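Chains as they are written, first to last, in the numbering used here: chain P, 1276 to 1440; chain U, 3 to 218.
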Amino acid sequence: MRSREDSEARLNEALEAYRAAAHADADSHFDERALETQRARIMARLEQAGQRARVLPFPGASAGVRPGSGHSRRWISAAAAAGLLIGLVTGQLLHVMPGDNWVHRDPVRLSPGPASSRLAVVPAIVQTSFDSEDALLDAIDAAITQRGSSDLRAYDDLTFSEPWK
Amino acid sequence: MARRTAAGAGAPPQAKTGEVSTSPASILASEIKQLAASGERDQARERFGALVALLQRRALRVAFHYLRNPADADEAVQDAFVKVFLHIEQYREELPFDVWFSRILVNASLDRLKARARQQRFVAPAVDEHDERSVDYLPTTEPSSERKLLGRERWARVSREVAALPDRQRLVFTLSQVDEQTPGEIAAATGMSPATVRVHLFRALRRLRGVLGEHV
């Protein structure tokens, strides 16, 4: 029992020493001048808090008509809409026009070099649309009749057949 | 404030119903509240200066002990006083002003801790060579005379142990031992029950026994 009382007394003593040390440690960071400075800051903040918030006027130059606003903006919108409409109508008309099975092609490039290098040459043909295989054959027929057979040599290279032998 | 034992047993802070707390801070606070309520804001502010001077030192000790950083402690104390003045009309005279102020100070300190945690998320903390803990938690100035009394090595060890306490234990220990508040006052200031406060204080003291004195 006595030892417990002694232990508690020693703990209280140690805590007293700790408290004194903690106070001294804090006080060493905040001398009288620091306290005065802090008081002044607090009072300044309170003074500011008491004032009504000031509303800054919007700069006069930017209060005018901004570029791209109002009248001109409406014109831009109308022009964009008209452009879209014209594009759509033109697209529809092109589909309605006769001879719609088109093959857009670049001129077939023939390789002037040896056969090995010719194999690497691929005709730059862009096929947009064919309704059927017949349409494709018709297009090929037309090409044969209009151009010389040498024009089709590249096709031959691709199909592995030997029609000229 | 009178010195208290380690257990810190004491009466709860509330005055009896209908009574007005009579501590110097409470009297000043009541006066300021009346001035503010009657629209005499400038006079209220002037009187508030006296209240700041009365509580400032104590508030800085608590905030510094809890935050372990002079700049943060300074900010927390400033914030607390500004909040007190802006909300002085909410002060209830039947309660001791010191308790109400402690509550605001604790909240301001917790806000500073959160702000610091947010900052440290983006900045790598400086680490002590011998200890993995942040250097911020170690006293940085030349040893004071009191620290010399306690012994530099021992002070450093105790400080580290206190800093390493869980947040609530550290808060309760700080309010109990540095600000000498009773469990009732701490309960009112922190929102914990007095029983919880006692448990946290008991655990903190048990953990610190070893470094406070080998023979304790």
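All C-beta atoms in this analysis are idealised placements derived from N, C-alpha and C, irrespective of residue type, glycine included.
All values reported here derive from a predicted model rather than from experimental measurement.
Residue nearest to residue i in terms of C-alpha spacing, selected from the options
i: residue 66 of chain U; options: U/200, U/197, U/120 and U/115; result: U/115
i: residue 58 of chain U; options: P/1315, P/1293, P/1310 and P/1351; result: P/1310
i: residue 172 of chain U; options: U/76, U/103, U/78 and U/209; result: U/209
i: residue 109 of chain U; options: U/96, U/31, U/124 and U/84; result: U/84
i: residue 2 of chain U; options: U/119, U/81 and U/26; result: An answer regarding residue 2 of chain U cannot be provided, because it is not within the stretch 3 to 218 covered by chain U.
i: residue 99 of chain U; options: U/205, U/121 and U/54; result: U/54
i: residue 41 of chain U; options: U/68, U/81, U/51 and U/91; result: U/91
i: residue 201 of chain U; options: U/79, U/212 and U/178; result: U/178
i: residue 1305 of chain P; options: U/71, U/33, U/43 and U/45; result: U/71
i: residue 77 of chain U; options: P/1332, P/1364 and P/1313; result: P/1313
i: residue 163 of chain U; options: U/195, U/211, U/52 and U/29; result: U/211
i: residue 104 of chain U; options: U/189, U/120 and U/198; result: U/189
i: residue 154 of chain U; options: U/198, U/49 and U/213; result: U/213
i: residue 204 of chain U; options: U/186, U/31, U/175 and U/64; result: U/175
i: residue 111 of chain U; options: U/121, U/60, U/94 and U/82; result: U/82
i: residue 160 of chain U; options: P/1289, P/1281 and P/1280; result: P/1289
i: residue 73 of chain U; options: U/197, U/196 and U/118; result: U/118
i: residue 1303 of chain P; options: U/122, U/63, U/191 and U/88; result: U/63
Three-way DSSP call (helix, strand, coil) for residue i in this model
i: residue 1367 of chain P; result: helix
i: residue 25 of chain U; result: coil
i: residue 141 of chain U; result: In this predicted model, residue 141 of chain U has a pLDDT of only 43, less than 50, meaning its place in the structure is not dependable; the value taken from the coordinates is given anyway. If DSSP states are grouped into helix, strand and coil, residue 141 of chain U belongs with coil.
i: residue 1330 of chain P; result: coil
i: residue 105 of chain U; result: helix
i: residue 1293 of chain P; result: helix
i: residue 1380 of chain P; result: No answer about residue 1380 of chain P holds up, because its pLDDT of 49 lies below 50 and its placement is not dependable.
i: residue 168 of chain U; result: coil
i: residue 131 of chain U; result: Because the pLDDT at residue 131 of chain U is just 45, under 50, the model does not fix this residue reliably, and the value given afterwards should be weighed accordingly. Coil at residue 131 of chain U, not helix or strand.
i: residue 175 of chain U; result: helix
i: residue 1347 of chain P; result: helix
i: residue 123 of chain U; result: coil
i: residue 1407 of chain P; result: coil
i: residue 1306 of chain P; result: coil
i: residue 1281 of chain P; result: helix
i: residue 100 of chain U; result: helix
i: residue 181 of chain U; result: coil
i: residue 14 of chain U; result: Note that residue 14 of chain U scores a pLDDT of 43, beneath 50, so its modelled location is shaky; the value from the coordinates is reported in the next line. Here residue 14 of chain U sits in coil by DSSP.
Contacts that residue i makes with chain P (C-beta to C-beta distance below 8 Å)
i: residue 84 of chain U; result: 1317, 1320, 1321 and 1324
i: residue 80 of chain U; result: 1313, 1316, 1317 and 1320
Interface partners of residue i on chain P, CB under 9 Å
i: residue 55 of chain U; result: 1310 and 1314
i: residue 47 of chain U; result: 1318, 1321, 1322 and 1325
i: residue 88 of chain U; result: 1321 and 1324
Chain-ordered neighbours of residue i on chain U, where CB pairs are closer than 9 Å
i: residue 1294 of chain P; result: 5, 179, 180 and 182
i: residue 1301 of chain P; result: 59, 62, 63, 64, 65, 66, 67, 72, 75 and 180
Within chain P, partners of residue i - CB distance below 7 Å
i: residue 157 of chain U; result: 1296
i: residue 160 of chain U; result: 1293
Boundaries of the alpha helix (DSSP H) in which residue i is found, first to last residue
i: residue 205 of chain U; result: 196-214
i: residue 192 of chain U; result: 185-192
Cross-chain neighbours of residue i in chain U, by beta carbon under 8 Å
i: residue 1331 of chain P; result: Ordered by position in chain U, no residue passes the 8 Å Cβ test against residue 1331 of chain P, which lies about 24 Å from the chain.
Partners in chain C for residue i, counting only beta-carbon separations shorter than 7 Å
i: residue 51 of chain U; result: Here chain C cannot be found, since the structure's protein chains are P and U.
Quick check for students: name the residue ranges of the alpha helix (DSSP H) that lie wholly in the region 31-98 of chain U, counting only runs of 4 or more. Secondary structure within the region 31-98 of chain U: the alpha helix (DSSP H) runs of 4 or more consecutive residues, fully enclosed, are 43-69 and 72-88 (chain order).
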